[in-house]
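Take 7 as the starting number for the sequence shown in my numbering and just add one per residue. To keep things clear, I will list the structure first and then write my remarks on it.
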Amino acid sequence: MRRRGDEQGRALLDALLEGRSEPGLAARAASGLGLPERGRYVVAVVRAGEGGPVCVALEAEGLRCFRRRRGDRETVVVALGDRDPAALTALLTGCPGPGGIGPVADGLAGLGAARRLAEVALLTCPPDTAEIVRLEERLPAALVVSQPELAARLVADVFGPLLALDPADRALLVRTLEAWLECGGSAGRAAGRLYCHRNTVLNRLRRLERLTSRSLSRPRELIEMMLALDAFTLTASQP
């Protein structure tokens, strides 16, 4: 009977994660799982793997969690209580990765939306990384990856001439732009990261400006370049 009750509770949890909103569903899930219906919950979606149990670190911190696996992804529902959701990033670092963490859901009824947004956060992670990120940290990139058709148009409009370059030449300019942005617009620090001279970085950036017909010193055009960079590096890597 206990096993059957556990199975029913998991089935109700799956229904909530799918976004179903039939009357009384959240209340039945709360009863079946022994959870508060109106508590604070966070959903993480990570790449499924054979690593150590995802919930071990969370339970060691006194957090209840539930794991649901589908295909190559694993969904982790965490009863957050009064904890800071930012702490989950460190606790989930043992996951195979990459992974995305959605916003806090105010009650079990919000798990479906939280799961969808966690999957969007996951899409902002390049497939060759093992990082765990929160949606709040990746909102601009999340906007891009959640609209693939518009992202493709943005790349074509901003990076069109860049795409016509030799792949190695294109990769060099893209990496230079990435390094410059990561270094807060400092050509000197970007040069140190790229193992080249500061003037080399500046020359590459000027060439990028000529190719895109946009200036990195104009805020609106810089935003376009940053969003196009996200679109170029992320949407091309998605299945």
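Even for Gly, the Cβ is constructed at its ideal location relative to N, Cα and C.
Q | Rounded C-alpha distance that separates residue 168 from residue 148 | A | 23 angstroms
(Q) With the cut-off set at 8 angstroms, would you say residue 84 and residue 48 are in Cβ contact? (A) yes
Q | DSSP-derived helix/strand/coil call for residue 46 | A | strand
Q. Between which two residues does the beta strand (DSSP E) harbouring residue 80 extend?
A. Unbroken beta strand (DSSP E) run through residue 80: 79-85.
Q.
Taking the alpha carbon of residue 146 as the reference point, which residue from 159, 127 and 158 has its own alpha carbon closest?
A. 127
Q.
Among 42, 180, 174 and 197, whose alpha-carbon lies nearest the alpha-carbon of residue 165?
A. 180
Q. If we count the other Cβ atoms within 10 Å of its Cβ and call it buried at 16 or more, is residue 225 buried or exposed?
A. exposed
Q. What are the start and end residues of the alpha helix (DSSP H) that includes residue 194?
A. From DSSP, the alpha helix (DSSP H) with residue 194 extends over 193-200.
Q: Note down the Cα distance separating residue 245 from residue 121, rounded to an integer number of angstroms.
A: Residue placement at residue 245 is poorly supported in this model, since its pLDDT is 44, which falls under 50; the coordinates are not used for a value here.
**Q.** contact_flag[the stretch 110-118, the stretch 191-210] where n(CB pairs < 8 angstroms) is 3 or more
**A.** no
Q: Can you grab the Cα-Cα spacing for the pair residue 104 / residue 140, in whole Å?
A: 11 angstroms
Q) Where are the beta strand (DSSP E) runs, 3 residues long or more, that stay fully inside the stretch 204-235, in chain order? A) DSSP runs (the beta strand (DSSP E)) wholly in the stretch 204-235: none.
Q. Skipping 5 residues on each side, what residues in its chain have a beta carbon closer than 6 angstroms to that of residue 161?
A. 234, 237 and 238
Q: Kindly indicate which three-state DSSP category residue 52 falls into: helix, strand or coil?
A: strand
Q) In angstroms, rounded to a whole number, what distance separates the CA positions of residue 25 and residue 38? A) 18 angstroms
Q: For residue 129, I'd like the list of residues in its chain whose CB is within less than 8 angstroms of its CB, leaving aside the five on either flank, ordered along the chain.
A: Cβ contact annotation for residue 129 (same chain, cutoff 8 angstroms, sequence separation greater than five): 106, 148, 151, 152, 240 and 244, in chain order.
Q: Measure the C-alpha to C-alpha separation of residue 56 and residue 41 and round it to an integer number of angstroms.
A: Confidence is the limiting factor: at residue 56 the pLDDT is only 48, short of 50, which leaves the residue's position unreliable, though a coordinate-based value still follows. Spanning the two alpha carbons is a distance of roughly 28 angstroms.
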